[in-house]
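J.:
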Amino acid sequence: MTSTDLLPRVVIVGRPNVGKSSIFNRVVGERRAIVEDEPGTTRDRLEADVEWLDRRFRIIDTGGYETNEQNVYAPLIMGQVQQAIDTAAVVVFVVDARDGLTASDYDMADVVRRAQKPTILVANKADNEARELAGIAEASALGFGEPLPVSALHDVNVRTMLDMVVALLPDVPLVPESDRTRVAIIGRPNVGKSMLVNAILGQERVIVSDVAGTTRDAIDTEIDTPEGSFVLIDTAGVRRPGKLGKGVERHSVLRTTRAVERCDVAVLVVDGSEGVTAQDTHIAGIAVDNAKGLVIAVNKTDLWDDPAERKAWAERQMRSRIRFVPWALYTFISALERRGLPELLRLVQAAREARRRRIPTPELNAILSRAVREHVPPLVHNRRFKLFYATQAGIDPPTFVLFVNDPELVHFSYRRYLERAIREAADFEGTAIKLVFRARSGEDSAS
């Protein structure tokens, strides 16, 4: 069990648009949750580790709780909120000091009261004295004592709230946190990303529905498996640029990109019933641009009427349409039937191990010297590039510095040739690698 597993959980709850995500972001210290002036923006749970007054805890932002029959997500969100409260050490119940109480606030109060957990009632958006007095007076009727007036926007009383949280936390011993492979689950909307996360976890950790674009925040979840220890990052589906809407949808693209930036390996989920699309290749390019590991999971194989023929078709498609990433690993899964998941996780771990692989300097120079002898560099402006020596400068991703006479003389096709030579000599399948060409004068050219 990791230290994160043992951290006490502080759960932020409340109806939509009371500022739960703004409080979460203020506490975490970054714009981790999507914040828009639109009710119901946060649908799934967001989690982050926080340290305050020498105490560590896990803070959890939940979706807006409302009993609205018109909202297709309402039952799913209500279930998620109830599950989060059940695991909470402390509940932060947020109401709106500006707009006052609604029926949903009273419904939320009943849920929190039944849970019998230590609760802090927060009246957010208390941006001036009049709002503070009015918000406190009305919120007191909920029966959780005197509310704490807070303005997440202006950072008013957020520290006081954290002091109160820490005072209510139980004492929990910590153990060292193990090394985990960070995996971003990426892909177009409605290809089965959230269902894949749930299949791996074996529980309804992320909201799943048949409505495209259900997940709009990036969700981090830890899991230990026979194949290794992972942090799964479920992300919003990325639409084509021409189909991006304003506000939340645009934020979702940024979240997906940020999820890829902080992962070790990206799992690109492809709809096996549709095949590889232009948008799939665009999303794969995000992982390549960030020099990450990449595993392609062809999902929905349960819909194949002729598995052997469709598998061959899918392999041909990948060779043709994702040929710019010949090093990517791929496998075939059914998230619905939970088939192929151990193999997928094994490939993810293999890609992670490749990202940590090192080549000793003498071996690297022997590999590249042989490659240059077998394929003489082409002339560029009547000059030919000369390789002096090379060394591996780092890992995650594997980065190689090649000292040459002039980086401008390295043709892009020859870069690919040298990269292929390194890959063939050492197993870097599943991960991007970087080659940096450096002149003796110190000028660099990276790829």
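All residue numbers for the sequence shown refer to our numbering, where the first residue is 800 and numbers rise by one. Heads up, the beta-carbon is just placed ideally off N, CA and C, and yes, glycines get one too.
Please report the Cβ distance between L1163 and T1198, rounded to the nearest whole angstrom; I am assuming they are in contact, meaning their Cβ atoms lie under 8 Å.
T.: 12 Å between Cβ atoms; not a contact.
J.: Entirely within the region 871-941 and at least 3 residues each: give me those beta strand (DSSP E) ranges in chain order.
T.: As far as the region 871-941 is concerned, its whole beta strand (DSSP E) runs of at least 3 residues are 889-895 and 918-923.
J.: From G878 to D860, what does the alpha carbon distance come to, in whole angstroms?
T.: Taking the straight line joining both Cα atoms gives about 14 Å.
J.: Do you know how far the Cα of S993 is from the Cα of R1137?
T.: One C-alpha to the other measures close to 13 Å.
J.: Within this structure, are the beta carbons of G862 and V880 separated by less than 8 Å?
T.: Contact: yes.
J.: What are the start and end residues of each continuous beta strand (DSSP E) run of 3 or more residues lying completely inside the region 1111-1149, in chain order?
T.: The qualifying runs are 1128-1131.
J.: Classify S820: buried if its beta carbon has 16 or more other beta carbons within 10 angstroms, exposed otherwise.
T.: Buried is the call here.
J.: Quick check on DSSP: helix, strand or coil for K992?
T.: K992 falls in the helix class under three-state DSSP.
J.: Measure from the C-beta of A933 to each C-beta in chain B and report whether the shortest distance is under 8 Å.
T.: Absent here is chain B; the protein component of the structure consists of one chain.
J.: Identify which residue in Y1129, D1088, P1106 and R1122 has its Cα closest to the Cα of V1069.
T.: Nearest option by C-alpha distance: Y1129.
J.: Please identify the residue among E1021, G1071 and D1195 whose C-alpha is closest to the C-alpha of A1111.
T.: The shortest Cα separation from A1111 among E1021, G1071 and D1195 belongs to G1071.
J.: What separation, rounded to the nearest whole angstrom, lies between the Cα atoms of G1046 and T1056?
T.: Bear in mind that a pLDDT of 47 at G1046, under 50, signals an unreliable position, so the number given afterwards is only what the model happens to contain. For G1046 and T1056, the distance between alpha carbons rounds to 16 Å.
J.: Need the endpoints of the alpha helix (DSSP H) that N824 sits in, please.
T.: That run of the alpha helix (DSSP H) goes K819 to V827.
J.: With 16 as the cutoff for other CB atoms within 10 Å, does D1019 come out buried or exposed?
T.: Buried, since its Cβ has 16 or more Cβ neighbours within 10 Å.
J.: Given that a residue counts as buried once 16 or more other Cβ atoms are within 10 Å of its Cβ, and exposed if not, what is R1157?
T.: Exposed, by the Cβ-count rule.
J.: With a CB to CB cut of under 7 Å and the five nearest residues on each side skipped, what residues in its chain are close to C1062?
T.: Around C1062: R981, V982, A983, I1032 and K1091.
J.: Can you give me the start and stop residues for the beta strand (DSSP E) that V1070 sits inside?
T.: Here residue 1070 turns out to be Asp, not Val, going by the sequence shown. Element bounds for D1070: V1064 to D1070.
J.: Kindly indicate the opening and closing residues of the alpha helix (DSSP H) around R1214.
T.: Here the alpha helix (DSSP H) through R1214 covers F1211 to A1224.
J.: Determine the burial state of A1165: buried for a count of at least 16 other Cβ atoms within 10 Å of its Cβ, exposed for fewer.
T.: Result: exposed.
J.: I'd like the span of the beta strand (DSSP E) that includes G1074, first residue to last.
T.: Note, G1074: premise wrong, no beta strand (DSSP E); not H, not E.
J.: In its own chain, which residues sit with a C-beta less than 8 Å from the C-beta of A914, not counting the 5 before and 5 after it?
T.: Contacts found: I884, D885, A887 and V890.
J.: Please name the residue in W851, I1085, K916 and H953 whose C-alpha comes closest to that of K924.
T.: When only C-alpha atoms are compared, the closest one is H953.
J.: May I ask you to list the residues that DSSP assigns as paired with W851?
T.: According to DSSP, which records beta bridges pairwise, W851 is partnered with R854.
J.: Under 8 Å: do the region 1133-1148 and the region 1167-1175 share three or more Cβ pairs, one atom per stretch?
T.: Touching, no, given that fewer than three Cβ pairs across the two stretches are closer than 8 Å.
J.: Would you call the region 1116-1128 and the region 1079-1088 in contact, with 3 or more CB pairs under 8 Å?
T.: Touching, per the Cβ criterion.
J.: Per DSSP, what kind of secondary structure is P969 in: helix, strand or coil?
T.: Coil, per DSSP.
J.: Residues in the same chain with beta-carbon distance under 8 Å from L1144, minus the five sequence neighbours each way, listed in chain order, please.
T.: Hits under 8 Å: I999, T1024, E1026, G1027 and F1029.
J.: Can you tell me the Cα-Cα spacing of F943 and R987, whole angstroms?
T.: F943 and R987: Cα-Cα distance of roughly 44 Å.
J.: If you compare alpha carbons, which of L1208, K1185, R1154 and R1219 is closest to G747?
T.: Lying before the first or after the last residue shown, residue 747 is absent from the chain, which here runs from 800 to 1246.
J.: Helix, strand or coil: how does DSSP classify I859 here?
T.: The answer is strand: DSSP assigns I859 an E or B state.
J.: Sorted by chain position, which residues of the same chain lie with C-beta nearer than 7 Å to H1174's C-beta, five sequence neighbours on each side aside?
T.: For H1174, where only same-chain residues beyond five positions count, the Cβ hits under 7 Å are Y1216.
J.: Taking its Cβ as the centre, do 16 or more other Cβ atoms sit within 10 Å of D1226, making it buried, or is it exposed?
T.: Exposed, by the Cβ-count rule.
J.: Taking 7 Å as the limit between beta carbons, can you name the residues of its chain near R814, skipping five residues before and five after?
T.: Cβ neighbours of R814 beyond the five flanking positions: G863, Y864, E865, T901, S903, D904 and M907.
J.: Can you tell me the Cα-Cα spacing of V1200 and P1159, whole angstroms?
T.: Whole-angstrom Cα-Cα distance: 13 Å.
J.: Using the DSSP secondary-structure output, state which residues sit across from S950 in a beta bridge.
T.: DSSP output for S950 lists V955 as bridge partner(s).
J.: Measuring straight from C-alpha to C-alpha, what distance separates V1235 and V1209?
T.: Rounded to whole angstroms, V1235 to V1209 spans 11 Å at the Cα level.
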